[in-house]
Amino acid sequence: GCAAALALARAGHAVTIHERVPDPQPIGAGIVLQPTGMVALARLGLLDRVAARGARIDTLEVHNTRGWKIVDLHYAEIAPTLFGLGMHRGAIFEALFDAVKATPEITVRLGTTVEDLRTDGAQRTCLAADKSELGTHDLILIADGARSRLRDDTKILKRISDYRWGALWFVADDPERAFRDRLHQIVEGTHTMLGLLPTGYGPGTEKKPVVSLFWSIRGVRVAEVQGPGFEAWKARVRAIAPECEPVLAQIERGEQLLFSAYKHVAMR
Numbered sequence: 115g116c117a118a119a120l121a122l123a124r125a126g127h128a129v130t131i132h133e134r135v136p137d138p139q140p141i142g143a144g145i146v147l148q149p150t151g152m153v154a155l156a157r158l159g160l161l162d163r164v165a166a167r168g169a170r171i172d173t174l175e176v177h178n179t180r181g182w183k184i185v186d187l188h189y190a191e192i193a194p195t196l197f198g199l200g201m202h203r204g205a206i207f208e209a210l211f212d213a214v215k216a217t218p219e220i221t222v223r224l225g226t227t228v229e230d231l232r233t234d235g236a237q238r239t240c241l242a243a244d245k246s247e248l249g250t251h252d253l254i255l256i257a258d259g260a261r262s263r264l265r266d267d268t269k270i271l272k273r274i275s276d277y278r279w280g281a282l283w284f285v286a287d288d289p290e291r292a293f294r295d296r297l298h299q300i301v302e303g304t305h306t307m308l309g310l311l312p313t314g315y316g317p318g319t320e321k322k323p324v325v326s327l328f329w330s331i332r333g334v335r336v337a338e339v340q341g342p343g344f345e346a347w348k349a350r351v352r353a354i355a356p357e358c359e360p361v362l363a364q365i366e367r368g369e370q371l372l373f374s375a376y377k378h379v380a381m382r
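Next comes the structure, spelled out in C-alpha cells:
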C-alpha cells in the first residue's frame, strides 16, 4: 500500500491512504527481499536505507535430517552482482511509511476502517461500517492482504480457501552473527520444515543483529505447540538442528512463538 502510494504520488496523482490501524508500528518477522524488490525500492529512492538494515543472502539451501542437500541455489549463478537481503518486515515498513509521511501529495487517514465500496460510474467511494462516506476516488487499490475485507466487494472472479499449513515464527538476537550468508532450511519428508534466516538489524536505529526461526505447522496443531507440547517441540528442534540452541534459549514460553496463517487466493 505505501509503495503504491509513493509511486502514484511521484507520477503526479493525489493519493489518500485509508489505514485501519490508529498507530501503525514496524512489526513482523523475517522476509527475503529479492533483487526484483530491490529494484522497486531503488526506483522509490529507498533502497540504501532499507539495505542498511538487511543481511546479505548469497545462497538458499535446504538439507534433510540425514544431511543430504535438497536445494542449493546461488544468486551468483544467475549474475555475479545479484544477492538477496534477509530483512525484518518492520524495517521495510518504517522506510516506506516515513517516506509516505514526508510526501505532501499523500494524505494519510489513520484509524479509518473501510468496510465497503460503492461504484457510481467512474467514481468509487470508500464506506465505513455505518455506510458513511470516507472518500471518493478515481481509483482504489485494495492492499489489505490475503484476509481482505474488500476483495469480495469487487466483481473480479476469485477462488479463496484456507491453507491448512502455516508457520510459527520467532525473531532472536544473534550478537555473534552465527547465522549469516544463507537462508537455511532443514526438512524431513513433507511434514517437517525448520528455517533459519539472517534478518539484519530489524526496525529502529539500534544495530543489533537478529535471526528469524520459522517452523512449518498445521494450523490445528498450533495450540498444542504453544501450550503443553512446547518443551517437546524445543527438543525436536534441538535434535534436528543443534546449532539452534542459542535461539531456543531465548524462547522461554510457547506464547512467544507467533503463528502466521495463509490462504490460497486465485484471481482472474
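Residue numbering for the sequence shown follows the working numbering, starting at 115 and increasing by one per position.
We treat Cβ as the ideally placed atom computed from N, Cα and C, and that holds for glycine.
- DSSP, read as helix, strand or coil, puts Leu158 in coil.
- Partner residues in a beta bridge of Arg278, as assigned by DSSP, do not exist.
- Looking at Lys272, Arg134, Asp295 and Pro312, the one whose alpha-carbon comes closest to that of His188 is Asp295.
- Between Phe197 and Cys116, the CB-CB gap reaches or exceeds 8 Å.
- Remark: C-beta atoms of Trp283 and Ser330 do not approach each other more closely than 8 Å.
- When only Cα atoms are considered, Leu248 and His132 end up about 8 Å apart.
- The C-alpha of Glu175 is placed about 5 Å away from the C-alpha of Val185.
- Remark: three or more beta-carbon pairs, one from each stretch, lie closer than 8 Å, so the stretch 331-341 and the stretch 363-382 are flagged as touching.
- With contacts defined by Cβ atoms closer than 8 Å, Gly204 and Pro140 form a contacting pair.
- The criterion of a C-beta distance shorter than 8 Å is not satisfied by His251 and Arg265.
- A Cβ-Cβ contact shorter than 8 Å links Val325 with Val361.
- Shown here for Ala375: same chain residues with a beta carbon closer than 8 Å to its own, the five before and five after excluded, namely Asp276, Tyr277, Gly280 and Gly333 in chain order.
- Within the model, the alpha-carbon separation for Ile192 versus Thr179 is close to 28 Å.
- The bridge partners DSSP lists for His298 are Glu175 and Leu310.
- Contact between Val285 and Thr313 holds, with the beta-carbon distance rounding to 6 Å and staying under 8 Å.
- Excluding the 5 residues flanking it on each side, Leu241 has same chain C-beta neighbours closer than 8 Å at Val228, Glu229, Asp230, Leu231, Arg232, Glu247 and Leu248, in chain order.
- Taken atom to atom, the span from the alpha-carbon of Glu357 to that of Phe373 is near 23 Å.
- One alpha carbon belongs to Arg382, the other to Ile274, and they sit about 12 Å apart.
- Approximately 16 Å separates the beta-carbon atoms of Ala125 and Leu160; this is outside 8 Å, ruling out the contact.
- For Glu345, the enclosing alpha helix (DSSP H) stretches over residues Phe344 to Ile354.
- By DSSP's assignment, Ala286 forms a beta bridge with Val325.
- In this structure, Ala118 keeps its C-beta atom at 8 Å or more from the C-beta atom of Arg163.
- In the structure shown, the three-state DSSP call for Ile206 is helix.
- In the three-state scheme derived from DSSP, where H, G and I count as helix and E and B as strand, Gly115 is classed as coil.
- Residue range Glu359 to Leu362 is occupied by the alpha helix (DSSP H) that includes Val361, with no beta strand (DSSP E) assigned at that position.
- DSSP places Val129 in the uninterrupted beta strand (DSSP E) bounded by Val129 to Glu133.
- Residue state for Tyr315 is assigned as coil, using DSSP reduced to three classes.
- Sequence-distant Cβ neighbours of Ile256 in its own chain, meaning closer than 7 Å and more than five residues away, are Ser262, Leu264 and Arg265.
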